[in-house]
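Q: Read in my numbering, the sequence shown has 1671 at position 298, and its numbers run on one by one without any break.
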Amino acid sequence: MIGILIAAFLALPIFLKNGFILTVLSLLFINSIASLGLNIVTGWAGQISIGHAAFMSIGAYTSALLSSAANLPLYISIPIAAATSGIVGFLIGFPSLRLSGFYLAIMTMGFGVAIEQLFGWMEITGGHIGLKVTKGLGDLGAYYLTFITLVVIYVSFSFILNGRTGRAFKALRENEVVASSFGINVTSYKILSFVLSAVLGGVAGALYAHTVGYIAPSDFGLGKSLELLAMIVIGGLGSIGGCIAGAAIYTALPFFFSRSAISLSIVFGFLLLATVLLFPRGIFYYLNLLYLKYFELPIIWIMRKASKAEGRFVKTPDGMIHFVEKPGKEPTVVLLHGNWGSWKWFKPLLQNWNLDNRVVALDLPGFGHSSKPTREVTLDNYAEYLMNFLKALGIIKPVIVAHSMGSSIALKMVHKHPESASALIFLSPSPIDGYKTPEEIFPLLSLYPSSVTLIKKLVYPVIPDRKLAKEIVKDVANMDRRGFTENARALLENLENIAPDISLPILIIRCNNDPLITTSEYEKTARALRAEEIIFEGCGHNPQIVRVEETLKQIRIFIERKVMEVKA
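Here you go:
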C-alpha cells in the first residue's frame, strides 16, 4: 500500500501542472518532517516542547546563508543546517535532564522566543524584515526534493522508532524510574530525543527556506511551534503516520477556508477540541483502524478464493478434514498444528521427512482447508475433532507430534481416550497452566480476520522462507473468524489437573529464545508431564521450521527408543 502511494505521488506532477498545488504539497511534506521531529521528543520520549519551530529557523537561516553567502550547493548546505540544529538540540537537551512537565515546556518556549528575537536582531539575517533566499528550488524541484526527503526520513525512522530506540523512548515516556531499572540510560535517550528532533526540525526549516524563497523570524515564532504541537495532537502522538495526517489537515484547511469569513483560529480550536474529546489517540489511529477493519476485506476474499488444497479430504462427523500424508510403516506419526496454523507449519518437516514411519498432517476444523467448526471453540471439542479424524483414517495409536496449541489438544484427547496414542512429542508446547492472553489484546485479535497486513506482521517475522510465509498467510486468512479470538480464550484453560493421569512417554522440543513462552513456563510444563526436554539454541517458537534436521533427528531417536522399550 505504501509503495503504491509513493509511486502515485512521484507520478503526480506528470498529470498535475498547477504550481500552486505543488507548492502546497511541498509545504505539507515539510510540515510532516517538522512534526515528526516534535513527535519524537514529545510523543515518543514524553518530553514537552513548545519551541520546536526554533530548530526550523536555525536550519532555514543556516542553509539560506550558506547557499547565498558561501555559494554552497543545497546538497551540502542542507546537511550542514541539519547538523547545526542537531548540535543546538544536543545543548538544549542537557537542561531537560533536570526539568519535566510544565517547567520543561516553559524552558523550551523561552528558547523558541529567544531564537526568534536573536535572528530578528542580527543584521546578517535581515533582521525582522527577513531574508531573501537566492537559491530557490522552483515548484517542481521543491516538490520532488521535499517528497523524497520525507520518504527517506519516514522509512529510516520507522526502523528506528519501531526498534530498540523507540522502545527505550516509550519506556522513558511512561516512567523514567522503571525505565532506568530496566537498564535504559535515561540521560542518553533524553538527549538523543532532542538531537533527533532538532535534526528533523533543521531539515524541515532548510527545505522551507528553499521552497518559499523568503524567510523571516516571525515564520518560526511561537505560533509555528504551537501549530506543530497541534499537528501531532490531531494526527496522533507517538505515530509516524499521525505526523503526516496532522500535517495534511493543518496545511490543507487554510486553503479550504480561504474564501470563508470563518476565522481559522476558530476552526483549529474546534478541531483540537473534537480530537481530544472524540479521537483521543489521534485521527490517524482511527483511520488506520477503519482501514484494517474494512479496506482489506476484498484482498482477504481473493486470497481465500485463490487458495488451493494440496492434499486430500476425509469425511468425519464434524465435516471434511483436509490432510496430507507420506506412506511408511507403523506407528503413524500425526502432525498437529497450533493456533493460527495449518499443516503447512510442518511443510519443511514433510519436505525433509527421512523417517520410515508413515506421516499424516491435518488441518483441524476451522483451519486451512478443513470445514468450519460445528461446535463451540474449546480444547475438548478440538480433541474430539482429532479423535474422529484418526478413526476416519483408521489410524491406531499414532505418535502425535503437536506444535504450540496442538499440545493442549493432544493432552485433552489422550486424557479422554488413553489408548488413542502411543507417544507424544510436543514442539514449543503451550503452558500446562494455560496461555494467558491479556484482555486488552482481544480487540486487536478481532481485526485479524479482515486484515492481511496484520496477518503478514504476525507470520513474516517468524518464517524465514518468504515463499512458505506467503502460503501460511493464505491459510491464516482461511481461518474461521471465531478462531482468531476464541482460540486464545480456549488456551486459558489450566490442564494441570489432568497431567497426573497421562502416563504416555512425552518429549518436549523447544528453543531457548521463545518470545511467547518463558523458560519457567516450559520447565513447569515438563515437570507436570514428567517429560523429557530437548532445547535448541538460538531459535524461537518454531523449531520445526528453523531447526528442521535437528527436530527430525530427535523425533526419530525418540520413536526408535520407545519402540525398543515396548519390544523389550
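Ideal Cβ positions, reconstructed from N, Cα and C, are used throughout, including at glycine.
Label A1384 either buried or exposed according to how many other C-beta atoms from any shown protein chain fall within 10 Å of its C-beta, with 16 as the threshold for buried.
A: exposed
Q: How big is the Cα-Cα spacing for A1487 and I1673?
A: Going from the Cα of A1487 to the Cα of I1673 covers about 55 Å.
Q: Would you call the stretch 1823-1842 in contact with the stretch 1795-1813, where contact means no fewer than 3 C-beta pairs closer than 8 Å?
A: The count of Cβ pairs closer than 8 Å, one atom from the stretch 1823-1842 and one from the stretch 1795-1813, stays below three, leaving the stretches out of contact.
Q: Using the Cα positions of Q1420 and F1657, report the straight-line distance between them to the nearest angstrom.
A: 21 Å
Q: On the DSSP letters alone, give me the boundaries of the beta strand (DSSP E) that P1704 sits inside.
A: K1702 to L1709
Q: Evaluate A1783 with the Cβ neighbour count: other Cβ atoms within 10 Å of its Cβ, from every protein chain shown; 16 or more gives buried, anything less gives exposed.
A: buried
Q: Going by Cα to Cα distance, which pick from N1885, L1800 and E1844 is closest to Q1927?
A: L1800
Q: Any heavy atom of the ligand MG closer than 8 Å to the Cβ of G1619?
A: Among the components of this structure there are no ligands whatsoever, and the ligand MG is therefore not found.
Q: Look at the alpha carbon of F1857 and the alpha carbon of L1722, and state the distance between them as a whole number of angstroms.
A: Looking at the backbone, the Cα of F1857 and that of L1722 are separated by about 25 Å.
Q: Do I1588 and A1433 have their C-beta atoms closer together than 9 Å?
A: Their beta carbons are under 9 Å apart, which means I1588 touches A1433 by this criterion.
Q: Tell me which residue opens and which closes the beta strand (DSSP E) that T1689 is part of.
A: R1685 to T1689
Q: Whose CA, out of P1771, M1604 and L1865, lies closest to the CA of L1646?
A: M1604
Q: Would you mind stating whether W1417 and L1534 have Cβ atoms separated by less than 9 Å?
A: yes
Q: Can you grab the Cα-Cα spacing for the pair D1736 / I1882, in whole Å?
A: 22 Å
Q: My parser needs the beta strand (DSSP E) runs of 3 or more residues fully inside the stretch 1416-1494; what are they?
A: Annotation note: the stretch 1416-1494 contains no uninterrupted beta strand (DSSP E) run of length 3 or greater.
Q: Would you kindly work out how many angstroms separate the C-alpha atoms of G1392 and T1507, rounded to a whole number?
A: If you draw a straight line from the Cα of G1392 to the Cα of T1507, it is about 19 Å long.
Q: Could you pull out every residue in the same chain whose Cβ sits closer than 6 Å to the Cβ of A1941, ignoring the five residues on either side in sequence?
A: The pLDDT assigned to A1941 is 45, lower than 50, so where the model puts this residue is not dependable; a value taken from the coordinates is nonetheless given after this. Excluding positions up to five away in sequence, the list is empty.
Q: When the Cα atoms are used, what is the spatial distance from I1564 to N1558?
A: 10 Å
Q: Does the distance from the C-beta atom of T1705 to that of V1732 stay below 9 Å?
A: Yes. Within cutoff.
Q: Rounded to the nearest angstrom, how far is the Cβ of T1747 from that of D1691, given a contact under 8 Å?
A: 5 Å
Q: By how many angstroms is the C-alpha of T1415 removed from the C-alpha of I1879?
A: 52 Å
Q: Spatial neighbours of R1929 within its chain, please: C-beta separation below 7 Å, excluding the five flanking residues on both sides.
A: L1728
Q: Cα separation between S1793 and S1780?
A: 14 Å
Q: Under 6 Å Cβ to Cβ from E1866, same chain only, skipping five residues before and after it: list those, please.
A: L1752 and G1807
Q: For S1598, is the classification buried or exposed, using 16 other Cβ atoms within 10 angstroms of its Cβ as the cut-off for buried?
A: buried
Q: Would you mind sorting K1390 into buried or exposed? The rule is 16 or more other CB atoms within 10 Å of its CB.
A: exposed
Q: Hey, quick one: how far does the alpha helix (DSSP H) through R1839 stretch, first residue to last?
A: R1839 to A1850
Q: State the Cα-Cα distance for the pair E1749 and L1817, rounded to the nearest angstrom.
A: 21 Å
Q: Under the three-state reduction of DSSP, which class applies to C1884: helix, strand or coil?
A: strand
Q: Can you tell me whether Y1448 is buried or exposed, with buried defined as 16 or more other CB within 10 angstroms of its CB?
A: Burial is judged here by how many other beta carbons sit within 10 angstroms of a residue's own beta carbon; Y1448 has fewer than 16 and is exposed.
Q: Assign N1336 to one of three DSSP states: helix, strand, or coil.
A: For residue 1336 there is no data in the structure shown, the boundaries of the chain being 1374 and 1941.
Q: What are the residues that DSSP puts in a beta bridge with V1733?
A: E1698 and V1707
Q: What would DSSP say about G1642, mapped onto helix, strand or coil?
A: Note: G1642 maps to helix in three-state DSSP.
Q: Can you list, in chain order, the residues of its chain whose CB lies under 7 Å from that of P1590, leaving out five sequence neighbours each side?
A: Excluding residues within five positions, the ones whose Cβ falls inside 7 Å are S1430, E1489, F1492, G1493 and H1501.
Q: Quick check on the DSSP output: what are the complete alpha helix (DSSP H) runs of length 4 or more inside the stretch 1891-1917, in order along the chain?
A: 1892-1902
Q: Any idea what DSSP makes of H1776, helix, strand or coil?
A: strand
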